[in-house]
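K.L.:
Would you mind keeping the following structure in view while I ask a few things?
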Amino acid sequence: MAENRIIGPFSSALILVLIIVVGMAVRAQIFHRMGYTDRSAFPIESAQRYRYIRMVAREGTIPQLDTAVEHPNGFNTRTDTIAQEYLMGYSYRLLSFTGLPLETLIRHFLRFFWLLTVIPIYLIALHTTGSRSAALLSAVFFAVAMPSLRRSLGNEIYREQIAFLPLGLHLYYLIRAMDRRKEGIGPRAGNGSDENPPHFYRFALLSALFLILCLVTWKVNRFYYLTLTTFFVFMMFYNSRRAMAVKLLAIFAITNVAASLLLDTPLKYDLFPLSTGMIITYAVLGAGITQLKLKQPLVSVAVFAAAAAILWALKPETAYYSHAWETLFTRLRFLSKPDTPSLLPFEARHYWVPPYTSPTLFMFLNDFFLPLIAASISVGVYLKRAVTGKSTPSEELLLYMLLAFLFFYLLFYKLMTFFIFFTAIFLATSLSRGIDLGRRWRYAALILVATAV
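Using the working numbering, the first residue of the sequence shown is number 89, and each one after it goes up by one.
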């Protein structure tokens with residue numbers, strides 16, 4: 089694109105740095121205007137996380153058994169995702185020469201680590217559109233969107249504040265592994281055959297390694313992985329996608345199992361190799377290999393169903409997340425909370441509270457009305473390309489994730505950060521398509537996307 093000659097890689101890097109700096113300043117300003125100070129106490133779960141950060145900052149480690157949290161036997165801290173505490177604690181030890189209080193630096197860290205997510209958003213948007221200006225606008229949108237601001241002001245310590253950077257990099261390298269071209273959409277992008285793209289295994293391995301970082305930094309990312317594996321189920325129906333899906337899932341399965349066995353993290357204690365997402369992984373691998381070898385669709389479907397049923401029946405991991413499944417199925421059964429509590433099982437009754445509730449109409453319109461209108465341009469483009477068989481695997485993946493997390497966000501307000509992440513990427517395509525369609529559409533798309541931002 090001509091505009092890429094004006095905005096080069098170096099200019100883009102400077103603009104990304106500016107987005108991060110301004111984003112941190114905006115968050116600090118909102119934080120103080122809401123009446124908080126750097127000495128304000130951290131509430132509820134954030135208080136426990138602050139305590140562990142302080143332990144790392146002072147002593148360099150967190151004890152494996154914490155009797156102050158669970159007495160007298162002690163709480164096994166390795167069953168929690170304490171990578172965030174170690175990252176921030178060691179960051180403070182490196183920057184202690186500044187003389188800033190730990191509480192102040194923690195709040196800066198939270199904003200900074202969250203805003204680093206604009207880097208993979210920029211990379212993904214650049215890859216899918218080929219437009220640096222559109223990719224930069226996606227990064228700006230993510231930095232200033234209301235859901236993004238609310239989760240990164242610094243008043244609370246949320247796991248996603250460090251988990252979205254590895255999530256974005258995992259997704260970026262997954263897209264690079266799936267697509268044969270380096271960047272751009274359109275007829276030249278190809279529709280993704282079984283032929284491996286250049287550097288397929290390198291990108292696939294990088295994606296798998298960042299996926300492990302996602303999983304050890306935030307347990308909710310297991311839900312993302314479950315959603316990802318269901319996408320691979322759909323890929324099995326396409327002859328041109330099947331071999332690629334099998335290879336990617338095989339790499340994910342090997343690295344996930346290895347990390348669960350070798351790392352002293354919740355993946356080990358929660359038996360992640362026997363989780364629902366991994367069960368689907370094994371079942372899809374079995375069905376995919378069967379289909380590639382025998383060329384018998386009915387046999388492969390039977391293998392998938394049998395493997396999934398047997399593994400699900402035998403897996404002991406179910407008890408760890410029974411509350412999540414119970415709440416999900418109950419929410420699907422009762423779209424609104426019944427007035428009679430006895431109609432709900434205990435787990436669903438216990439967790440049917442904010443942020444595990446649906447957003448109100450005002451919250452939805454306030455957060456996503458204009459962004460969704462702007463993103464609808466690219467959704468239409470992706471759907472048209474998918475129907476005509478011209479879409480790339482990465483376009484199908486992004487479209488699937490956007491629609492899936494729109495549905496999940498409407499069930500659980502807590503998942504809004506996933507939805508805003510994918511919405512930001514789709515805004516880039518809306519702008520780039522407007523540019524491609526001529527001057528009139530260019531200005532219309534720019535006004536629409538800028539208004540959303």
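Ideal Cβ positions, reconstructed from N, Cα and C, are used throughout, including at glycine.
Please read all numbers here as calculations on a predicted model, not as lab measurements.
Please report the residue range of the alpha helix (DSSP H) in which residue 474 lies.
P.N.:
Locating residue 474 in the sequence shown gives position 386, counting from the first residue. Note, residue 474: alpha helix (DSSP H), 449-475.
K.L.:
Does residue 289 pass the burial test, meaning 16 or more other C-beta atoms within 10 Å, or should it be called exposed?
P.N.:
As a position in the sequence shown, residue 289 is number 201, starting the count at 1. Result: exposed.
K.L.:
Look up residue 188 in the DSSP assignment and say whether it is helix, strand or coil.
P.N.:
Residue numbering aside, residue 188 sits at position 100 when the sequence shown is read from its first letter. Note: residue 188 maps to coil in three-state DSSP.
K.L.:
Have a look at 463, 370 and 191 and flag the residue whose alpha-carbon is nearest the alpha-carbon of residue 242.
P.N.:
For this step, residue 242 is matched to residue 154 along the sequence shown. When only C-alpha atoms are compared, the closest one is 191.
K.L.:
From 154, 175 and 225, pick the residue whose C-alpha is nearest to that of residue 104; which is it?
P.N.:
Stepping through the sequence shown from its first residue, residue 104 is reached at position 16. Measuring from the Cα of residue 104, the nearest candidate turns out to be 225.
K.L.:
Bridge partners of residue 163, per DSSP?
P.N.:
Stepping through the sequence shown from its first residue, residue 163 is reached at position 75. DSSP output for residue 163 lists 154 as bridge partner(s).
K.L.:
Going by CA-CA distance only, name the one from 443, 302 and 111 that's closest to residue 204.
P.N.:
For the purposes of this step, residue 204 is taken as the residue at position 116 of the sequence shown. When only C-alpha atoms are compared, the closest one is 111.
K.L.:
Buried or exposed, going by whether 16 or more other CB atoms sit within 10 Å of the CB of residue 495?
P.N.:
Within the sequence shown, the letter at position 407 stands for residue 495. Exposed, by the Cβ-count rule.
K.L.:
Where does residue 96 fall in DSSP's three states?
P.N.:
Counted from its first residue, the sequence shown places residue 96 at position 8. Correct three-state label for residue 96: coil.
K.L.:
What residue does the alpha helix (DSSP H) around residue 351 start on, and which one ends it?
P.N.:
Counted from its first residue, the sequence shown places residue 351 at position 263. Per DSSP, residue 351 belongs to no alpha helix (DSSP H) and is neither H nor E.
K.L.:
Using the beta-carbon count (16 or more within 10 Å), is residue 352 buried or exposed?
P.N.:
Indexing the sequence shown from 1 puts residue 352 at position 264. It is exposed - the Cβ of residue 352 has fewer than 16 other Cβ atoms within 10 Å.
K.L.:
How far does the alpha helix (DSSP H) with residue 310 in it extend, from its first residue to its last?
P.N.:
Taking the sequence shown and counting its residues from 1, the one referred to as residue 310 is at position 222. Here the alpha helix (DSSP H) through residue 310 covers 309-323.
K.L.:
What's the gap between the Cα of residue 420 and the Cα of residue 186?
P.N.:
Position 332 of the sequence shown, counting from 1, holds the residue named residue 420. Position 98 of the sequence shown, counting from 1, holds the residue named residue 186. Residue 420 and residue 186: Cα-Cα distance of roughly 51 Å.
K.L.:
Mind checking whether residue 137 and residue 245 have CB atoms under 8 Å apart?
P.N.:
Taking the sequence shown and counting its residues from 1, the one referred to as residue 137 is at position 49. Taking the sequence shown and counting its residues from 1, the one referred to as residue 245 is at position 157. Contact: yes.
K.L.:
If you measure between the beta carbons of residue 238 and residue 172, is that distance less than 8 Å?
P.N.:
Here residue 238 refers to the residue found at position 150 of the sequence shown. Here residue 172 refers to the residue found at position 84 of the sequence shown. No.
K.L.:
Out of 115, 370, 422 and 365, point me to the one whose CA is closest to residue 233's CA.
P.N.:
Stepping through the sequence shown from its first residue, residue 233 is reached at position 145. Answer by Cα proximity: 115.
K.L.:
Can you give the Cα-Cα distance for residue 280 and residue 481, rounded to whole angstroms?
P.N.:
Taking the first residue of the sequence shown as 1, we reach residue 280 at position 192. Taking the first residue of the sequence shown as 1, we reach residue 481 at position 393. Residue placement at residue 280 is flagged as unreliable, the pLDDT there being 46, under the threshold of 50; the coordinate-derived value follows with that caveat. If you take the alpha carbons of residue 280 and residue 481, they lie about 6 Å apart.
K.L.:
Examine the Cβ distances between the segment 250-263 and the segment 297-308 and report whether three or more of them are shorter than 8 Å.
P.N.:
Judged by Cβ distances under 8 Å, the segment 250-263 makes contact with the segment 297-308, as three or more pairs qualify.
K.L.:
Would you call the segment 366-378 and the segment 314-324 in contact, with 3 or more CB pairs under 8 Å?
P.N.:
Output reads yes: the segment 314-324 touches the segment 366-378.
K.L.:
How should residue 379 be labelled, buried or exposed, when 16 other C-beta atoms within 10 angstroms of its C-beta is the threshold for buried?
P.N.:
Residue 379 sits at position 291 when you count from the first residue of the sequence shown. Its Cβ being crowded by 16 or more others within 10 Å, residue 379 is buried.
K.L.:
Put residue 359 into one of helix, strand or coil per three-state DSSP.
P.N.:
Locating residue 359 in the sequence shown gives position 271, where the first residue counts as 1. Reduced to three states, the DSSP call for residue 359 is coil.
K.L.:
Could you work out which residue in 176, 207, 394 and 209 is closest to residue 193 when comparing CA atoms only?
P.N.:
Locating residue 193 in the sequence shown gives position 105, where the first residue counts as 1. Comparing Cα positions, the closest option is 176.
K.L.:
Three-state secondary structure (DSSP) at residue 443?
P.N.:
Residue 443 sits at position 355 when you count from the first residue of the sequence shown. Correct three-state label for residue 443: coil.
K.L.:
According to DSSP, is residue 131 part of a helix, a strand, or is it coil?
P.N.:
Here the question's residue 131 lines up with position 43 in the sequence shown. Residue state, collapsed to three classes: coil.
K.L.:
Following the continuous alpha helix (DSSP H) through residue 433, name the residue where it begins and the one where it ends.
P.N.:
As a position in the sequence shown, residue 433 is number 345, starting the count at 1. Run containing residue 433: none; DSSP gives neither H nor E here.
K.L.:
Going by Cα to Cα distance, which pick from 197, 398 and 339 is closest to residue 297?
P.N.:
Residue mapping note: residue 297 aligns to position 209 of the sequence shown, counting from 1. Selected option, being the one with the closest Cα: 339.
K.L.:
Enumerate in chain order the residues of its own chain whose CB-to-CB distance from residue 446 is below 7 Å, with the five nearest sequence positions on each side excluded.
P.N.:
Within the sequence shown, numbered from 1, the residue matching residue 446 stands at position 358. Within the same chain, residue 446 has close Cβ partners 498, 499 and 501.
K.L.:
Give the DSSP-derived three-state secondary structure of residue 484 in the structure shown.
P.N.:
In the sequence shown, the residue the question calls residue 484 occupies position 396. Three-state DSSP puts residue 484 in a helix.
K.L.:
In angstroms with no decimal places, state the Cα-to-Cα distance between residue 276 and residue 468.
P.N.:
For the purposes of this step, residue 276 is taken as the residue at position 188 of the sequence shown. For the purposes of this step, residue 468 is taken as the residue at position 380 of the sequence shown. Here residue 276 scores only 37 on pLDDT, less than 50, and its place in the model should not be relied on; the value that follows carries that caveat. Cα-Cα distance, rounded: 19 Å.
K.L.:
Count the other CB atoms within 10 Å of the CB of residue 120; is the residue buried (16 or more) or exposed (fewer)?
P.N.:
For the purposes of this step, residue 120 is taken as residue 32 along the sequence shown, with counting starting at 1. Flag for residue 120 reads exposed.
K.L.:
Consider the C-beta atom of residue 456 and the heavy atoms of the ligand MN; say whether any pair is separated by less than 7 Å.
P.N.:
Of the ligands one can find in the structure shown there are none, so the ligand MN has no counterpart to examine.
K.L.:
Is the separation between the beta-carbon of residue 455 and that of residue 208 shorter than 8 Å?
P.N.:
Locating residue 455 in the sequence shown gives position 367, counting from the first residue. Locating residue 208 in the sequence shown gives position 120, counting from the first residue. No, they are not a contact pair.
K.L.:
Between 350, 255 and 292, which has its C-alpha nearest residue 201's C-alpha?
P.N.:
Looking up residue 201 in the sequence shown gives position 113. For the residues 350, 255 and 292, the minimum Cα distance to residue 201 belongs to 255.
K.L.:
Let me confirm a value: residue 123 is counted as buried when at least 16 other C-beta atoms fall within 10 Å, else exposed. Which label applies?
P.N.:
Your numbering for residue 123 matches position 35 in the sequence shown. Answer is exposed; the Cβ neighbour count stays below 16.
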